[in-house]
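A short worksheet on the structure shown next.
Protein chains: 2
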Amino acid sequence: MTELKQFAENIIIKTKSLSLVTHLILKPMPKFSFLLLLLLFNLGNAQNTRNLWLQYDLVTDPVVLRTYKEQLNAVDIRSAALNKQVIQDELQTGILSMLGKHLSFTSSNAEVVIAKLKDLDANEKQQVSKTPKLESDGYIIKTIPKGSKDVILISGLSDNSLLYGTFHFLRLLQLHESLSDLDLVENPKLSIRILNHWDNLDRTVERGYAGFSIWDWHHLPGLIKKEYIEYARANASIGLNGTVLNNVNASAYILQDEYLDKVKALADVFRPYGIKVYLTARFSAPIEIGGLDTADPLSSEVQRWWKDKADEIYNLIPDFGGFLVKANSEGQPGPNNYGRSHVEGANMLADALAPHQGVVMWRAFVYSDEKPEDRAKQAYTEFIPFDGEFKDNVLLQVKNGPIDFQPREPFHPLFSGMQKTPLMMEFQITQEYLGGMSHLVFLPQLFEETLQSDTFIKGKNSTVSKVLVGDLSGQKVTGIAGVSNIGTARNWTGHPFAQANWFGFGRLAWNPDLSAKAIAEEWLKMTFSTDPDFVEPMSTLLLNSREAVVNYMTPLGLHHIMAEGHHQGPGPWVDGLAREDWTSVYYHKADSLGLGFDRTASGSDALSQYGTEIEKAYSKIETTPEKYLLWFHHVPWDYKLKNGHSLWYNLARHYQDGVLKVEDMISTWEQMQPYVDEYVFRQTQMLLNIQLKESKWWRDACLLYFQQFSNMEMPAFIPHAKHALDYYKSIQRPYAPGIKPSWD
Amino acid sequence: MTELKQFAENIIIKTKSLSLVTHLILKPMPKFSFLLLLLLFNLGNAQNTRNLWLQYDLVTDPVVLRTYKEQLNAVDIRSAALNKQVIQDELQTGILSMLGKHLSFTSSNAEVVIAKLKDLDANEKQQVSKTPKLESDGYIIKTIPKGSKDVILISGLSDNSLLYGTFHFLRLLQLHESLSDLDLVENPKLSIRILNHWDNLDRTVERGYAGFSIWDWHHLPGLIKKEYIEYARANASIGLNGTVLNNVNASAYILQDEYLDKVKALADVFRPYGIKVYLTARFSAPIEIGGLDTADPLSSEVQRWWKDKADEIYNLIPDFGGFLVKANSEGQPGPNNYGRSHVEGANMLADALAPHQGVVMWRAFVYSDEKPEDRAKQAYTEFIPFDGEFKDNVLLQVKNGPIDFQPREPFHPLFSGMQKTPLMMEFQITQEYLGGMSHLVFLPQLFEETLQSDTFIKGKNSTVSKVLVGDLSGQKVTGIAGVSNIGTARNWTGHPFAQANWFGFGRLAWNPDLSAKAIAEEWLKMTFSTDPDFVEPMSTLLLNSREAVVNYMTPLGLHHIMAEGHHQGPGPWVDGLAREDWTSVYYHKADSLGLGFDRTASGSDALSQYGTEIEKAYSKIETTPEKYLLWFHHVPWDYKLKNGHSLWYNLARHYQDGVLKVEDMISTWEQMQPYVDEYVFRQTQMLLNIQLKESKWWRDACLLYFQQFSNMEMPAFIPHAKHALDYYKSIQRPYAPGIKPSWD
């Protein structure tokens with residue numbers, strides 16, 4: 001094996017798919033110097049953005065490289081019937097690409113052993129006997145002595161655990177970490193780690209900004225696209241284990257035989273990567289495709305129809321995950337249509353799935369058509385009475401905040417209130433309210449804020465994360481869902497940095513207590529470069545990016561003041577829609593006195609849903625964290641914030657800070673050209689400039705609008721707006737991505 | 001310069017965009033043997049399908065390679081201010097990739113001189129003094145003596161002519177042709193060579209099967225995607241010089257200021273590649289975005305609105321091409337809405353564009369809502385009375401046949417009838433009626449059939465091609481349009497072989513008399529391999545593929561018997577739609593007596609529109625070419641065709657032959673694995689299997705349906721259909737690509 005050959009293979013691998021070409025790259029080659037390899041590699045930073053964070057860049061530090069090469073020659077994969085080939089291909093690809101050498105796969109003299117616990121030999125078993133209890137997907141990576149040398153053991157209970165361990169092992173190399181004296185134990189803290197695709201059968205994607213759906217339903221099951229394999233591999237690499245293929249606003253059509261054959265084809269592709277498929281079930285499917293005249297969950301023919309449908313699905317896909325349901329929300333059908341409750345609806349589906357170990361993920365995103373109650377309160381009001389009544393295989397899927405994926409929301413009060421029901425977190429990875437594809441926003445920062453929020457339900461430090469993983473309630477089924485930001489874009493996500501949000505969601509799904517900072521550093525190193533001159537400033541940039549978007553869109557607890565329909569751009573003036581709680585004025589309540597939604601006892605009293613500790617702290621303006629100020633209070637324009645300046649001044653200050661932060665991001669990025677692919681550099685540069693333009697649009701439109709109410713002068717640090725308010729009001733985006741397409 | 005460096009660069013170039021990295025690949029490198037280069041290259045056939053036919057594969061024949069390398073060291077690019085960089089990058093990329101060596105760009109001792117005629121020196125001018133007259137885009141490639149050695153001169157009148165000459169020169173190398181004693185003169189036979197994108201502003205594509213629109217309008221003008229450059233380069237390489245960016249069923253919105261800025265951004269990207277942008281103009285735009293209450297072409301305010309709009313566009317885009325218009329057709333607005341004629345409408349727009357040298361391409365695809373006349377006759381009836389009345393800068397854009405892009409149609413009678421009006425050909429590259437993305441159909445075969453059809457208008461051999469290029473009428477403006485099959489698919493067109501149809505259209509647009517066979521061979525060599533063991537069988541496969549689809553869909557002159565709406569799959573039973581001439585039964589007229597549409601004097605008399613020679617020949621069943629039999633005649637089921645068998649027998653025979661041809665294609669393809677990229681191999685294999693399944697679907701559904709009328713036994717060679725007719729009738733495709741998306 002020569003370096004030159006390795007280099008060539010390295011490049012070839014990056015340009016081709018893994019498994020298809022592995023056999024091609026094993027032919028013998030003449031020998032050349034290693035210098036060459038380095039020289040060639042330094043020609044440019046050619047990230048193939050299709051490969052996401054699995055760039056497997058050549059290790060350029062000669063010491064690290066030599067050490068790794070000495071440590072790794074042969075691997076013994078003993079178990080993993082399901083995905084042995086996937087594990088082997090991934091190791092071969094990764095090691096070849098990072099170290100420029102081929103591994104042997106052999107049972108003798110291997111430095112790495114990959115085997116299920118039950119397949120370890122007596123000595124190995126002895127060495128790991130003190131390992132903490134492993135979950136099904138959990139694994140250990142442990143250096144053990146074997147004869148005269150050290151062996152790295154990757155072990156766990158299931159085939160998938162070995163796959164996860166393998167990806168973790170490769171990640172150590174990507175991060176240039178030491179492979180000596182390893183002693184890692186990893187258990188996923190959540191059992192269902194899943195993407196929700198809001199993908200329609202016609203390939204449009206609701207709130208999708210990365211092009212269109214990667215599911216080419218029309219050509220399935222006959223055409224299996226390379227994308228499907230790449231998708232599964234990427235998810236597996238970060239520990240995701242499920243995917244809901246279709247939109248929560250669902251067509252019943254996907255439950256028809258013809259489509260189930262297509263779903264099965266995808267499930268077959270995904271299985272070796274540990275990814276289960278799930279479907280959104282439209283509650284009225286028994287009528288629409290079943291020919292029944294009701295979908296009443298108490299009707300025995302409806303129950304039988306779902307039971308038969310479940311049997312049919314599991315006959316095709318024995319490891320089918322289950323159903324996601326959006327019922328009686330925003331026009332979707334549900335049990336309420338028949339005078340039945342959410343529990344009756346969810347339990348009926350749960351009964352159909354239970355014999356097959358399937359789950360129902362019932363969305364809590366419900367707000368009534370009729371009740372005039374503060375929308376932030378409604379899901380809590382609706383579901384709390386049912387706490388404890390759901391079947392064991394039902395999870396209630398709750399958005400992170402009580403409104404709808406805003407740049408900042410306090411955590412959803414169901415996380416503290418609903419203590420006898422398994423709750424799943426629903427995050428939105430696609431940036432519906434955070435600038436679509438054009439804005440660089442590192443979402444793990446947002447996710448971390450929610451996950452580390454303290455509910456106080458079992459005293460201090462009762463974080464949402466602990467609720468989710470079941471530490472406080474002991475719930476057995478646990479889960480987390482992320483609304484996908486994946487599409488047909490050549491780099492999967494449109495914005496090159498939106499890949500970080502997919503990655504970050506996956507890492508937090510495995511361990512909700514990971515820090516955003518650690519995730520940022522991992523992602524930057526795996527995707528671009530381990531050079532500290534790149535990682536440090538870029539990590540800072542990522543970690544500041546979420547506060548930037550909050551500032552230039554919805555500072556100080558403002559929320560839901562975006563433009564109507566497409567949700568891109570500011571729209572604080574939005575009023576007079578079919579529902580009051582779809583308007584902006586409903587949420588910001590600007591008037592001559594002040595700004596903000598009084599959710600204390602003197603207002604909607606939504607605050608009371610949070611329990612006494614929080615209620616007590618937040619009931620007064622002066623003890624409410626300023627980041628939630630206008631979420632909970634209607635604050636006078638001249639009210640003095642902690643810095644001694646008025647609300648109006650601070651509002652302007654935050655908007656301006658948001659804009660300035662984007663300018664900082666642009667300056668930082670200009671310095672990063674040496675570390676990134678030329679096109680990624682320019683693409684990001686262009687996108688940051690769009691973001692800057694749009695941050696000013698938000699600032700100018702919102703400040704001009706609110707100034708009408710504050711009647712106060714614009715602070716001097718705010719540049720004169722380019723246009724009058726009417727101009728901003730007149731901006732329309734009828735063809736914005738992610739909304740219902742309109743053919744003329 | 002060493003081979004190894006060249007090899008590395010070769011691979012790197014293939015994985016990255018051209019111009020962005022050219023500067024990176026010029027660093028010095030140590031020396032290694034050329035053997036290595038070949039060994040490495042033979043590791044696999046790694047076509048990067050993004051590069052289409054510009055693969056620039058390393059020349060593997062050592063003699064050819066050595067000869068080329070000796071012949072090419074330095075190039076002198078003297079002119080081409082507009083696209084000098086593009087020409088230089090393309091040469092550098094192509095030569096580096098094919099020969100593994102760098103060119104110098106210098107004025108001294110160059111073996112290739114690229115210069116406009118006016119920039120040639122006296123000796124060079126003398127050498128080319130006998131060159132036939134060049135058109136603006138035409139060029140010569142000529143070997144001339146210069147001192148003691150030969151020099152290859154690439155010259156023409158315009159910057160773009162040098163670009164076209166350069167691509168031709170590189171193609172010679174791709175085809176492994178000799179570079180000695182070159183004496184080539186190329187003039188494009190048509191002046192407007194244009195793609196029509198049926199792309200909507202929301203990125204859906206009407207009848208688009210390769211994903212969605214590559215125009216990311218929302219992020220323009222801020223985000224310039226690499227795709228735009230690649231698209232322009234691909235088009236330039238085959239001589240296309242224009243693109244209509246938006247659907248013929250147009251939104252007026254694209255003419256608004258905000259969108260014109262986006263259009264300008266694309267025009268700026270395309271300009272160095274010689275591609276002009278055009279827009280579809282919605283006739284009612286003065287109302288929809290202009291605030292007028294009429295779009296009457298005789299209204300002076302309407303005329304002024306269009307004049308102002310044209311001025312505005314040309315102010316942004318000085319070389320804007322002009323407008324395409326679909327008026328008073330399938331619900332689109334037009335002059336008829338105001339009691340005005342097509343001439344009045346077209347000329348009004350022509351007047352607005354004339355000061356800027358813009359053209360109007362007015363579509364002849366018109367069939368009245370009211371007239372009960374045979375639809376095949378209506379465009380002719382509508383437009384013939386206006387012959388000679390259109391302004392000089394109006395072209396009438398006529399589909400190849402009188403119905404609508406069917407697998408086979410006789411040529412459109414306007415090509416013989418409309419002799420005083422410039423006619424443009426409109427071909428459909430996207431396979432609306434030919435299997436969408438799933439079927440391998442080499443369309444240049446279809447295009448050639450139309451182009452070489454004899455109109456007899458100036459005696460024998462008055463081909464449609466001669467009409468188009470103006471040889472028979474002397475028209476000054478000439479053109480050809482192809483409805484694009486390009487989308488967001490990773491390989492641009494979905495089916496890897498659909499790339500050949502884009503390529504073939506471009507080659508025929510340059511020279512409508514090229515043979516389909518020559519085009520097939522060029523494309524196969526440029527895209528995959530020059531190995532005769534690949535090119536010969538695959539060329540046969542391509543050239544047989546169109547007759548296959550005619551046979552399994554619409555043999556013997558049948559037409560328009562596809563499923564409703566999405567046009568995928570058979571639907572001979574389609575009846576009872578809002579318009580009779582949208583149904584299938586209208587076209588096949590099957591009854592107990594026979595099958596086919598009588599278009600002779602005893603029927604609709606559409607035949608009379610073709611002139612006496614054709615009318616005479618086709619008026620009798622026995623002298624009508626069998627391929628058009630049921631287009632012109634209602635033929636008895638038991639009528640004996642030339643082979644002595646009945647119509648019914650022959651119908652079945654053709655359907656079965658179509659299926660068998662697809663089976664042949666599959667067998668041939670199985671042998672091609674050594675020559676093509678592994679994924680392309682598998683992808684094509686999967687698609688061919690879909691095609692086979694669908695060819696059987698067509699055969700079984702159509703024969704079962706027609707058997708109801710023939711009442712004759714199914715010939716023994718037809719396998720028993722898997723399902724009864726009702727099953728085939730029940731098949732629905734509500735989410736098929738290319739149709740209006742439906743959100744549930």
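Just so you know, the protein sequences line up as chains A and B, in that order.
Residue 55 in full-length UniProt numbering is what sits at position 55 of the first sequence, and the numbering runs on without skipping anything.
Residue 611 in full-length UniProt numbering is what sits at position 611 of the second sequence, and the numbering runs on without skipping anything.
For glycine and all other residues, C-beta sits at the position ideal for the given N, C-alpha and C.
CB Leu396(B) to CB Ala364(B), shorter than 8 angstroms? yes
Between Asn101(B) and Pro62(B), what straight-line distance do the alpha-carbon atoms span, to the nearest angstrom? It is Lys, not Asn, that sits at residue 101(B) in the sequence shown. Near 14 angstroms, if we compare the C-alpha coordinates of Pro62(B) and Lys101(B).
Do the stretch 263-283 of chain A and the stretch 231-249 of chain A make contact, defined as three or more Cβ pairs closer than 8 angstroms? yes
Complete runs of the beta strand (DSSP E) confined to the stretch 275-359 of chain B [at least 3 residues]: 276-280 and 322-325
Which ranges does the beta strand (DSSP E) cover as unbroken runs of at least 3 residues, wholly within the stretch 367-401 of chain B, from first to last along the chain? 394-399
Measure the alpha-carbon distance for Ala520(A) versus Asp150(A) and round it to whole angstroms. 32 angstroms
Inspect the beta-carbon positions of Ser545(A) and Leu440(A) and report whether they are closer than 8 angstroms. yes
Sorted by chain position, which residues of the same chain lie with C-beta nearer than 6 angstroms to Thr583(B)'s C-beta, five sequence neighbours on each side aside? Val574, Asp575 and Leu577
How would you list, in chain order, the residues of chain A whose beta-carbon sits under 8 angstroms from the beta-carbon of Met686(B)? Gly222, Leu223 and Ile224
Pick from Leu703(B), Asn249(B), Leu298(B) and Gln475(B): whose alpha carbon is nearest that of His588(B)? Leu703(B)
Rounded to whole angstroms, what's the CA-CA distance from Phe528(B) to Ser155(B)? Just pull it up for me. 30 angstroms
Out of Ser136(B), Leu153(B) and Arg699(B), state which residue places its alpha-carbon closest to the alpha-carbon of Thr143(B). Leu153(B)
With 16 as the cutoff for other CB atoms within 10 Å, does Lys27(A) come out buried or exposed? Note that Lys27(A) has pLDDT 30, beneath the 50 cutoff, so the model's placement of it is unreliable and the number below is only indicative. So Lys27(A) counts as exposed.
Does the stretch 633-641 of chain A come within contact of the stretch 661-680 of chain A, defined as at least 3 CB pairs closer than 8 angstroms? no
Assess, as a yes-or-no matter, whether the stretch 506-518 of chain A is touched by the stretch 463-473 of chain A under the definition of 3 or more beta carbon pairs within less than 8 angstroms. yes
Looking at Gly208(B) and Trp215(B), is the spacing between their C-beta atoms short of 8 angstroms? no
Between the stretch 235-247 of chain B and the stretch 218-227 of chain B, can you find at least three pairs of beta-carbon atoms closer than 8 angstroms? no
Let me confirm a value: Arg653(A) is counted as buried when at least 16 other C-beta atoms fall within 10 Å, else exposed. Which label applies? buried
Chain B contact for Trp697(A) (CB, 8 angstroms cutoff): no
Under 8 angstroms, with one C-beta from each stretch per pair, do the stretch 96-112 of chain A and the stretch 124-136 of chain A reach the 3-pair mark? no
Determine the burial state of Gly436(A): buried for a count of at least 16 other Cβ atoms within 10 Å of its Cβ, exposed for fewer. buried
C-alpha distance - Met361(B) paired with Val112(B), whole-angstrom precision: 39 angstroms
Residues near Leu298(B) in its chain [Cβ-Cβ closer than 7 angstroms; skip 5 each side]: Arg340 and Glu344
For chain B, check one thing: does any of its Cβ atoms lie closer than 8 angstroms to the Cβ of Val21(A)? Residue confidence for Val21(A) is low, a pLDDT of 29 falling below 50, so the modelled location carries little weight and cannot support an answer.
Buried or exposed: which applies to Pro741(A), given that a residue is buried once 16 or more other Cβ atoms fall within 10 Å of its Cβ? buried
Own chain partners of Ala285(B) with C-beta closer than 6 angstroms, once the 5 adjacent residues on each side are dropped: Ala252 and Leu255
Look up Met29(A) in the DSSP assignment and say whether it is helix, strand or coil. Note on Met29(A): pLDDT 32, under 50, position unreliable in the model; the coordinate value appears next. Coil.
Chain-ordered residues of the stretch 186-219 of chain B with a beta carbon less than 9 angstroms from chain A: Asn200, Leu201, Asp202, Arg203, Thr204, Glu206, Tyr209, Gly211, Phe212, Asp216, Trp217, His218 and His219
State the Cα-Cα distance for the pair Gln499(B) and Ala489(A), rounded to the nearest angstrom. 20 angstroms
Taking the straight line between their C-alpha atoms, what separation do you get for Gly596(B) and Ile690(B)? 29 angstroms
Could you tell me how far apart the beta carbons of Thr49(A) and Pro715(A) are, in whole angstroms, since I believe they sit closer than 8 angstroms? With 8 angstroms as the limit, Thr49(A) and Pro715(A) do not qualify as a contact, their Cβ atoms being about 41 angstroms apart.
Return the chain-ordered list of same chain residues with a C-beta closer than 7 angstroms to the C-beta of Tyr314(B), the five sequence neighbours on each side being excluded. Phe320 and His356
Would a C-beta distance cut-off of 8 angstroms place Phe212(B) and Gly487(B) closer than the cut-off? yes
Which bits of chain A does Ser438(B) rub up against, with CB to CB less than 8 angstroms? His219, Gly222 and Leu223
Do Gly191(A) and Gly603(A) have their CB atoms nearer than 8 angstroms? First, the amino acid is wrong: residue 191(A) is Ser here, not Gly. Not a contact, by the Cβ cut-off of 8 angstroms.
So, is His342(A) buried or exposed, given that buried needs 16 or more other C-beta atoms within 10 angstroms? buried
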